[in-house]
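For the sequence shown, my numbering begins at 1 and goes up steadily by one.
Ideal placement from N, C-alpha and C gives every residue a C-beta, glycine not left out.
Structure, as structure tokens:
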Amino acid sequence: MTETKTGQAKQTVSKSSAPRIRVGVTYYPEHWGKARLGIDIPLMREAGIQIVRMGEFAWSRLEPSEGRYDFSWLEEAVNAFGQAGISVVLGTPTAAPPAWFHQKYDVYPRDEWKRPLGFGTRLQRCLNHPVMRESSRRITEAMARHFGHNPFVEAWQTDNELTQNYCYCDYCAKAFREWLADKYGSLDNLNRAWGTVFWSQEYSDWEQIPLPWFAKCGMAHNPSLQLDYRRFQSDATVTFQQEQVNILRCLCPGQKITHNIMGLNDSMDYFALAADWDFAAWDNYPITPWGENGMRVPLGHDVTRGMKNRAFWIMEEQAGITGWEMMGPQTEPGQIRAWAWQAVSHGAETILFFRWRSCLYGTEQYWHGILNHDGVPRRHFQEVKQLAKEFGELSPFLSGAEVRSDVAIVHDADQHYGYHIQPQVRGMGLWDQILRFYTPLWRWGVNVDLVSPAADFSPYRLVILPGWYILSDEFADKVRQYVSRGGTVVMNPRTVVKNIDNVCVQIPLPGLLRDVAGITVAEYSPMAEKVGSVQFRDQNTASISVWADQLLLDTAEPFAWYRDSIYAGKPAVTCNDFGKGKAWYCGTFGDEGFYHIFLKQILNECGISSWDGLPKGTSVRTLYREGKRYTILVNLEGQEKQLSLPGDWKMLLGEQGLNTLTLKAYGIAVLESDRS
Ligand code: GLA
Ligand code: ZN
Numbered sequence: 001m002t003e004t005k006t007g008q009a010k011q012t013v014s015k016s017s018a019p020r021i022r023v024g025v026t027y028y029p030e031h032w033g034k035a036r037l038g039i040d041i042p043l044m045r046e047a048g049i050q051i052v053r054m055g056e057f058a059w060s061r062l063e064p065s066e067g068r069y070d071f072s073w074l075e076e077a078v079n080a081f082g083q084a085g086i087s088v089v090l091g092t093p094t095a096a097p098p099a100w101f102h103q104k105y106d107v108y109p110r111d112e113w114k115r116p117l118g119f120g121t122r123l124q125r126c127l128n129h130p131v132m133r134e135s136s137r138r139i140t141e142a143m144a145r146h147f148g149h150n151p152f153v154e155a156w157q158t159d160n161e162l163t164q165n166y167c168y169c170d171y172c173a174k175a176f177r178e179w180l181a182d183k184y185g186s187l188d189n190l191n192r193a194w195g196t197v198f199w200s201q202e203y204s205d206w207e208q209i210p211l212p213w214f215a216k217c218g219m220a221h222n223p224s225l226q227l228d229y230r231r232f233q234s235d236a237t238v239t240f241q242q243e244q245v246n247i248l249r250c251l252c253p254g255q256k257i258t259h260n261i262m263g264l265n266d267s268m269d270y271f272a273l274a275a276d277w278d279f280a281a282w283d284n285y286p287i288t289p290w291g292e293n294g295m296r297v298p299l300g301h302d303v304t305r306g307m308k309n310r311a312f313w314i315m316e317e318q319a320g321i322t323g324w325e326m327m328g329p330q331t332e333p334g335q336i337r338a339w340a341w342q343a344v345s346h347g348a349e350t351i352l353f354f355r356w357r358s359c360l361y362g363t364e365q366y367w368h369g370i371l372n373h374d375g376v377p378r379r380h381f382q383e384v385k386q387l388a389k390e391f392g393e394l395s396p397f398l399s400g401a402e403v404r405s406d407v408a409i410v411h412d413a414d415q416h417y418g419y420h421i422q423p424q425v426r427g428m429g430l431w432d433q434i435l436r437f438y439t440p441l442w443r444w445g446v447n448v449d450l451v452s453p454a455a456d457f458s459p460y461r462l463v464i465l466p467g468w469y470i471l472s473d474e475f476a477d478k479v480r481q482y483v484s485r486g487g488t489v490v491m492n493p494r495t496v497v498k499n500i501d502n503v504c505v506q507i508p509l510p511g512l513l514r515d516v517a518g519i520t521v522a523e524y525s526p527m528a529e530k531v532g533s534v535q536f537r538d539q540n541t542a543s544i545s546v547w548a549d550q551l552l553l554d555t556a557e558p559f560a561w562y563r564d565s566i567y568a569g570k571p572a573v574t575c576n577d578f579g580k581g582k583a584w585y586c587g588t589f590g591d592e593g594f595y596h597i598f599l600k601q602i603l604n605e606c607g608i609s610s611w612d613g614l615p616k617g618t619s620v621r622t623l624y625r626e627g628k629r630y631t632i633l634v635n636l637e638g639q640e641k642q643l644s645l646p647g648d649w650k651m652l653l654g655e656q657g658l659n660t661l662t663l664k665a666y667g668i669a670v671l672e673s674d675r676s
């Protein structure tokens, strides 16, 4: 790999016809009626709202009975917003089919016990059911014909928060068998690939193949079947969306297509889903009744940006208290503004708050909007207004800015599935593995791209491969080439344990990447919560847990050694020169201090700069545009913070001390400096 200072990977934050950084909301005209629209639109204009999302749960109003469509109320709302200068995203309403539809057609998904889900919530549809597919195409086509040329409709959102089609119905069983027949060609191939001789599971007829129906504890289904079932249901969801996209592309020229993913949901292949979008979007709720998402927020931003490697949207951004039966905490003054700025600092360009106004009825009464149930603008409204004003003022600088990263973390659906099917030991979840690397890099203000295995690695100085468990020969070759041409990779325990059929490889670990790593895993020890320790080359020590690989040095040099356990004195972390590059192998999972020593060494060797001494809870991200660098600092906590920042910079937003920069509680600073 040839690397120059400007050789960083580029993720474009927006196109040349740079749209402004905007604020929007989700709005449900069907909940409020026409009269309220006349109050809400002026209020939204006052707040600086530039875009609304509508329609994604309105099927019963859009098609009140089979084949009888009524788009008049939605069109009225679209036009009213449009004429007020507020553009519209329309959702296809397939996440909640209406009662009349279910009364006529049984499209309910079946759970592992084959019990139907029934009516009364949402997502009560099997995406493999032929009637659901046909109805989805029909309602999409009817909406697309009606709104495809409406100048105020800027984009479409397919369905809502698609996940793997969690269904075990007869249609799914049939479609799964067809998918398998297509993939394997013959039962002999399938039996061989899955190793069905285990527990006498050899199949002599496609009809014999089960779905992973309910299995008692200790009697789990074959891991190869489980992996293919997840891949199959993910494909089903992708195809379901594709059918809507094909219609929208054809009937809605000029209108963009996206979808609101759930950030770190790993039930399906989001990269495959993303192939059909124009841009990516996700739903960001940092604090819910179920807990705080902490580091999963910035990671969710980077994962979403990685879907299309360019600017993304927040389709639902937390607007206040979240809650259904139970409520999460009230947001503190400045907090929703800080979260929105944090999104922009990761490359988001349009942020729609969820929702404009808290709903009076239904399951989500306590998922609060910008306005409370009484519809009176108060603190949250003022905060959004301030945010929209700042976005407007800073758009000339930040619109079209790019995230540039020297570091990539690679992940894909197969790895997520692999750890869900067999977690192996507590603490081994893939996001947890990723966060061990991501968290210190985030703290040091190092930009990171979360990319798919298909990404071009050549612009990155460092490629981290956490938990690459199920690996194809092609991907192993790609990694080998990247390193031999000068790249640096980091590997973890459980690298290349399985082939793509989820069958253990019969070569010494780390399997296909053993030559690159320059070590052999002689044996391993699942540790879970048990704590041990290692000593680094510089004599520093750190604690470890979860897992320990005993490493034999083939060509690699040791960087850390176990201090205790049956592996005491044996290498725990190694580094291998391979071609023009380097491969690090980390045979265990460490504490904060561990990654400080380990990752700082790697960043230094790769020439990647990082910030030290940033106060805890401070987000620092950098965007680049036209020879300028924009550093966005966000205080994610309620205590004021002082920072001293090196270099020459001009403050575009924030408060400046004499030699220091003050970040008030939930404060923001945007600094401009020359690139270099
Ligand atoms: C999700 C959904 C919304 C709504 C919110 C709040 O993100 O997309 O429809 O349910 O959560 O619960
Ligand atoms: Zn089904």
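Item                                                                                                               : Value
CB of residue 273 within 8 Å of CB of residue 241, strictly                                                        : yes
Inter-residue spacing [alpha-carbon to alpha-carbon] between residue 290 and residue 326                           : 9 Å
Nearest residue (CA-CA) to residue 315, options 350, 666, 436                                                      : 350
C-alpha gap between residue 674 and residue 334, whole angstroms                                                   : 29 Å
C-alpha distance - residue 440 paired with residue 612, whole-angstrom precision                                   : 11 Å
Residue 115 CB to nearest heavy atom of the ligand ZN below 7 Å                                                    : no
Per-residue burial, residue 663 [other beta carbons within 10 Å of its own, 16 or more giving buried]              : buried
Presumed contact (8 Å Cβ cut-off) between residue 672 and residue 391, rounded CB distance                         : Their Cβ separation, rounded to whole angstroms, is 16 Å, which puts residue 672 and residue 391 out of contact at 8 Å.
Residue 171 beta carbon near the ligand ZN (any heavy atom closer than 7 Å)                                        : yes
Outcome for residue 11 when other beta-carbon atoms lying within 10 angstroms are tallied against a minimum of 16  : A caution first: residue 11 carries a pLDDT of 46, below 50, which makes its placement in the model unreliable, though a value can still be read off. It counts as buried.
Inside the region 379 to 424 only - alpha helix (DSSP H) runs reaching at least 4 residues                         : 379 to 398, 413 to 421
Cβ shell of residue 647 (< 7 Å), same chain only, five flanking positions each side left out                       : 673
Outcome for residue 228 when other beta-carbon atoms lying within 10 angstroms are tallied against a minimum of 16 : buried
The ligand ZN heavy atom lying under 7 Å from the CB of residue 110                                                : yes
Pick from 541, 501, 299, 545 that is closest to residue 531, judged by C-alpha positions                           : 545
Supposed close pair residue 341, residue 318 - CB separation, criterion 8 Å                                        : The Cβ separation is near 13 Å, so there is no contact.
Inter-residue CB distance, residue 682 and residue 469 (contact presumed, cutoff 8 Å)                              : With the chain running from 1 to 676 in the structure shown, residue 682 is simply not present.
Three-state secondary structure (DSSP) of residue 89                                                               : strand
Proximity winner among 513, 464, 566, 207, relative to residue 533 (alpha-carbon distances)                        : 566
Residue 593 versus 133, 425, 542, 446, residue with shortest Cα-Cα distance                                        : 542
For residue 318, three-class secondary structure by DSSP                                                           : strand
beta-carbon residue 279 near the ligand GLA non-hydrogen atom, thresh 7 Å                                          : no
Residue 498, enclosing alpha helix (DSSP H) - first and last residue                                               : Unbroken run through residue 498: none, as it is neither H nor E.
The ligand ZN heavy atom lying under 7 Å from the CB of residue 217                                                : no
Backbone CA spacing between residue 192 and residue 525 [nearest angstrom]                                         : 30 Å
N-terminal and C-terminal residue of the beta strand (DSSP E) that residue 548 is part of                          : 541 to 553
Inter-residue Cα distance where the pair is residue 670 and residue 643                                            : 13 Å
Three or more C-beta pairs below 8 Å linking the region 509 to 517 and the region 484 to 491                       : yes
Cβ contact check for the region 44 to 62 and the region 140 to 159: 3 or more pairs under 8 Å                      : yes
Alpha-carbon to alpha-carbon, residue 69 and residue 443                                                           : 52 Å
Entirely enclosed beta strand (DSSP E) segments - the region 306 to 350, minimum 3 residues                        : 312 to 318
Cβ separation of residue 167 and residue 109, assumed to be a contact under 8 Å, to the nearest whole Å            : 4 Å
For residue 554, the nearest candidate out of 518, 426, 67 (CA to CA)                                              : 518
For residue 237, three-class secondary structure by DSSP                                                           : helix
Counted within 10 angstroms of its Cβ, other Cβ atoms place residue 104 as buried (16 or more) or exposed          : exposed
Helix, strand or coil at residue 506 according to DSSP, with G and I counted as helix                              : coil
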